[in-house]
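Colleague: Got a structure here, written out as structure tokens. Questions coming.
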Amino acid sequence: MAAAVATMPADTPPPPPAYQGPSSSSSSRRDERPNPFTSILHFVPQEDAHDDSEVRGEATPLEPPPTPPLPAEEGAEELLKRIASHLASHDSLHAYLSDRSDLPERLQSMKEQVLADSGRIASRRTETLHAHKRLMAVQHRWEDAGAKKRAFWSPKRKREVRREIDEAKSEYERKHDEVKAGEQRLERDREDLERLEDEVTQYRRVEAKLDRIDDEIFAGPTVNHHEDEDAIEVRFHVHSQTSSLLLNTAKTEMRARKHLDKALKLTASLIKEVQAGLNIGIDVGVATNQKHKSGMWKGSSQHASSRMSRGHILRAKTISGDLHTAYVLARVVQRRVARLPKLTVIELDKLPDMKDKNRVSELGLHRSLEQTYAQARVVKMHIEQELRTSQTRERHCKERSRDEIEERRATWLDLRQTRRAIVSQLAGTCAGLSISSPPRPPDYQRRDKGKEASEEADFVPEVPKAFMRRVDREAREASRDIFGKICLEVGGVLDDDGLTEEELAEAAAEKRKYDDIPGWDLSYT
Numbered sequence: 001m002a003a004a005v006a007t008m009p010a011d012t013p014p015p016p017p018a019y020q021g022p023s024s025s026s027s028s029r030r031d032e033r034p035n036p037f038t039s040i041l042h043f044v045p046q047e048d049a050h051d052d053s054e055v056r057g058e059a060t061p062l063e064p065p066p067t068p069p070l071p072a073e074e075g076a077e078e079l080l081k082r083i084a085s086h087l088a089s090h091d092s093l094h095a096y097l098s099d100r101s102d103l104p105e106r107l108q109s110m111k112e113q114v115l116a117d118s119g120r121i122a123s124r125r126t127e128t129l130h131a132h133k134r135l136m137a138v139q140h141r142w143e144d145a146g147a148k149k150r151a152f153w154s155p156k157r158k159r160e161v162r163r164e165i166d167e168a169k170s171e172y173e174r175k176h177d178e179v180k181a182g183e184q185r186l187e188r189d190r191e192d193l194e195r196l197e198d199e200v201t202q203y204r205r206v207e208a209k210l211d212r213i214d215d216e217i218f219a220g221p222t223v224n225h226h227e228d229e230d231a232i233e234v235r236f237h238v239h240s241q242t243s244s245l246l247l248n249t250a251k252t253e254m255r256a257r258k259h260l261d262k263a264l265k266l267t268a269s270l271i272k273e274v275q276a277g278l279n280i281g282i283d284v285g286v287a288t289n290q291k292h293k294s295g296m297w298k299g300s301s302q303h304a305s306s307r308m309s310r311g312h313i314l315r316a317k318t319i320s321g322d323l324h325t326a327y328v329l330a331r332v333v334q335r336r337v338a339r340l341p342k343l344t345v346i347e348l349d350k351l352p353d354m355k356d357k358n359r360v361s362e363l364g365l366h367r368s369l370e371q372t373y374a375q376a377r378v379v380k381m382h383i384e385q386e387l388r389t390s391q392t393r394e395r396h397c398k399e400r401s402r403d404e405i406e407e408r409r410a411t412w413l414d415l416r417q418t419r420r421a422i423v424s425q426l427a428g429t430c431a432g433l434s435i436s437s438p439p440r441p442p443d444y445q446r447r448d449k450g451k452e453a454s455e456e457a458d459f460v461p462e463v464p465k466a467f468m469r470r471v472d473r474e475a476r477e478a479s480r481d482i483f484g485k486i487c488l489e490v491g492g493v494l495d496d497d498g499l500t501e502e503e504l505a506e507a508a509a510e511k512r513k514y515d516d517i518p519g520w521d522l523s524y525t
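For what it's worth, UniProt numbering labels the leading residue of the sequence shown as 1, then goes sequentially.
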């Protein structure tokens, strides 16, 4: 041990002297806590001059050394300095929040109660109005001279009239008293709701202030606690980013549906124009082959039929182009929208009245319009299905986003308690810091709720860019997995979703659900 002490560096403090027996100041020294940044040699067992175990050849019994404090690693002193400057506020804010942790739940339950009472009172008011109308009708029925005369000469009838009027009047008064009592109760509930809103506003401000203090204390990696505090902080930011990404995906679905709605309206216009062209062939007998069998020289020629159909075909081709443009814009916004089925309209240079070698006959024109009509009907059903799928994807994204927000809140509360434990541990192991609780912050005084209050309630601590790059990467992966599962369940699976062969087979089976639609085969021929 002497050699060990001799080789100690010059800046290392010497070990404490050996035990000299009890003294008057021993009780005061017993209460003093060791400084966590002194040398580890303080905890080396000291030699005892009266120990003759070596002379007897016995092993020296060593008592277990006391548990050393936190090692003085790089950054620990700076962390303790930051804690020392904020310890008083940290204690008081935590004490304030712990006593009012149920305020958000109470506010939500009070809102639900006020809403239920408002609906109940509205129903009671309607019942009171009906009771008043019944009372007025009964009184008016027995106020005419004939009714009074009959009641005067018939005592039994007079008693019935009085009983009917008394029942209607008592019912009206009872309903009126119920409405009055309900309005008083609703007024008290609204006052309580306003008070709770003020308290919750103050609660959010205190939370924001505590979050700013924690952000200043735990800026960067946390010494000796990186596995606890840093990991929970990463989870918090990942949940926050994942929720934002899912909400952005829901907004993307909304933008894509605007183009799909436009495409659906254009499809309806296209079907109307094609139907008008088909009606021309039906009127002249082309559809039933009557024109070429029994009415050969009756009605119009094929040139006249072609000229009558030309305007409808031209408008159908224009609408078809606008339809494809709108659908392509929808796929640009959301690439999970399935491709549009085949939709073709006959070319104008192939009409029967054109001098082209590839022109079709009058019957061929009618068959081409029939095929276009079938394709347009399939396109309409396809767009309607994509609209329903997009709405379902948006609903699922919003639900999962709300789940992520709840997880973020729970993770943030866990992170706050972890940081509180770290602060208490570091303050307790350092003799220079005190953990005593100062007076709590005063109750909230009502003031204008402006933009500053809303920003404090939505406070998110700032973190380094390298840390946020890691968070963004994990959040993108999490949101991609969540949305991929949603698309596998609802529809809209892509090849780059990283699904297994079984999941891809299931998605392919989902795509084949249109096989039973009449005319689906025509849309791909």
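Each residue gets a CB set at the ideal place from its N, CA and C atoms; glycine is no exception.
For SER320, collect the residues of the same chain with a Cβ closer than 7 Å to its Cβ; drop the 5 residues on either side in sequence, then sort them by chain order.
Modeller: LEU270, LEU343 and VAL345
Colleague: Could you tell me how far apart the beta carbons of HIS90 and VAL423 are, in whole angstroms, since I believe they sit closer than 8 Å?
Modeller: 6 Å
Colleague: If we ignore side chains and look at the alpha-carbon of each, how far apart do MET110 and ARG408 end up?
Modeller: 24 Å
Colleague: Alpha carbon to alpha carbon, how far is LEU363 from VAL284? Give it in angstroms, no decimals.
Modeller: 11 Å
Colleague: Below 8 Å, can you find three or more Cβ-Cβ pairs linking the segment 247 to 266 to the segment 299 to 317?
Modeller: Because the criterion of three Cβ pairs below 8 Å is not met, the segment 247 to 266 and the segment 299 to 317 do not touch.
Colleague: Between VAL206 and LEU93, is the Cβ-Cβ spacing less than 9 Å?
Modeller: yes
Colleague: Starting from residue 577, trace the alpha helix (DSSP H) in both directions and tell me its first and last residue.
Modeller: With the chain covering 1 to 525 only, the question about residue 577 has no answer from this structure.
Colleague: Just the C-alpha distance for LEU196 and ARG420, rounded to the nearest angstrom, thanks.
Modeller: Whole-angstrom Cα-Cα distance: 27 Å.
Colleague: Identify the continuous alpha helix (DSSP H) that holds PHE218 and give its terminal residues.
Modeller: Unbroken run through PHE218: none, as it is neither H nor E.
Colleague: Using a 10 Å radius around the Cβ and a threshold of 16 neighbouring Cβ atoms, would you call ASP177 buried or exposed?
Modeller: exposed
Colleague: Taking the alpha helix (DSSP H) that GLN241 falls in, what are its first and last residues?
Modeller: 231 to 284
Colleague: Under a three-way DSSP split, which group does ALA505 fall into?
Modeller: helix
Colleague: Just curious, the alpha helix (DSSP H) that MET308 is in, first and last residue?
Modeller: 302 to 333
Colleague: Enumerate in chain order the residues of its own chain whose CB-to-CB distance from GLN241 is below 7 Å, with the five nearest sequence positions on each side excluded.
Modeller: VAL471, ASP472 and ALA475
Colleague: Compute the Euclidean distance between the alpha carbons of LEU314 and VAL286, then round it to the nearest angstrom.
Modeller: Spanning the two alpha carbons is a distance of roughly 21 Å.
Colleague: By the DSSP assignment, the alpha helix (DSSP H) with VAL337 in it spans what residues?
Modeller: In the DSSP assignment, VAL337 falls outside any alpha helix (DSSP H), carrying neither H nor E.
Colleague: Assuming LEU186 contacts ASP117 under a Cβ cut-off of 8 Å, what Cβ separation, rounded to an integer in Å, is found between them?
Modeller: 5 Å
Colleague: Given this structure, state the Cα-to-Cα distance separating HIS237 from LYS465, to the nearest angstrom.
Modeller: 13 Å
Colleague: Going by Cα to Cα distance, which pick from LYS169, ASP99 and ALA122 is closest to LYS133?
Modeller: LYS169
Colleague: Hey, could you find the ends of the alpha helix (DSSP H) SER479 is sitting in?
Modeller: 465 to 490
Colleague: Check this for me: beta carbons of ALA316 and GLY277, under 9 Å apart or not?
Modeller: The answer is yes: Cβ separation under 9 Å.
Colleague: Using a Cβ-Cβ cut-off of 7 Å (strictly less than) and excluding sequence neighbours within five positions of VAL200, which residues of its own chain qualify?
Modeller: LEU103, PRO104 and LEU107
Colleague: Nearest CA to the CA of HIS239: which residue from VAL490, CYS487, ARG400 and GLY484?
Modeller: Among VAL490, CYS487, ARG400 and GLY484, the Cα nearest to that of HIS239 belongs to ARG400.
Colleague: For GLY492, which of TRP412, THR392, MET468 and ASP230 has the nearest alpha-carbon?
Modeller: THR392
Colleague: Quick test of your reading: LYS380 and THR500, contact by CB under 8 Å. State the CB separation rounded to the nearest angstrom.
Modeller: Wrong, their Cβ atoms sit about 34 Å apart, outside the cutoff.
Colleague: Would you mind sorting ARG115 into buried or exposed? The rule is 16 or more other CB atoms within 10 Å of its CB.
Modeller: First, the residue type needs correcting, since residue 115 is Leu and not Arg in the sequence shown. Exposed, because fewer than 16 other Cβ atoms sit within 10 Å of the Cβ of LEU115.
Colleague: Any idea if THR126 is buried or exposed, counting beta-carbon neighbours within 10 angstroms, 16 or more meaning buried?
Modeller: exposed
Colleague: Would you mind giving the Cβ-Cβ distance between LEU97 and LEU245, rounded to the nearest angstrom? I have them listed as a contact below 8 Å.
Modeller: Actually they are not in contact, since the Cβ atoms of LEU97 and LEU245 sit about 30 Å apart, beyond 8 Å.
Colleague: Can you give the Cα-Cα distance for ASN279 and THR389, rounded to whole angstroms?
Modeller: 35 Å
Colleague: Going by beta-carbon coordinates alone, are ILE121 and LEU426 separated by less than 9 Å?
Modeller: no
Colleague: Which of helix, strand or coil does DSSP assign to GLN371?
Modeller: helix
Colleague: Using C-beta distances below 7 Å, list every residue in its chain close to PHE218, excluding the 5 sequence neighbours before and after it, in chain order.
Modeller: GLU229 and ARG419
Colleague: Should ALA181 be labelled buried (16 or more other beta-carbon atoms within 10 Å of its own) or exposed?
Modeller: exposed
Colleague: Assuming ILE232 contacts LEU415 under a Cβ cut-off of 8 Å, what Cβ separation, rounded to an integer in Å, is found between them?
Modeller: 4 Å
Colleague: Reducing DSSP to helix, strand and coil, say where ILE405 ends up.
Modeller: helix
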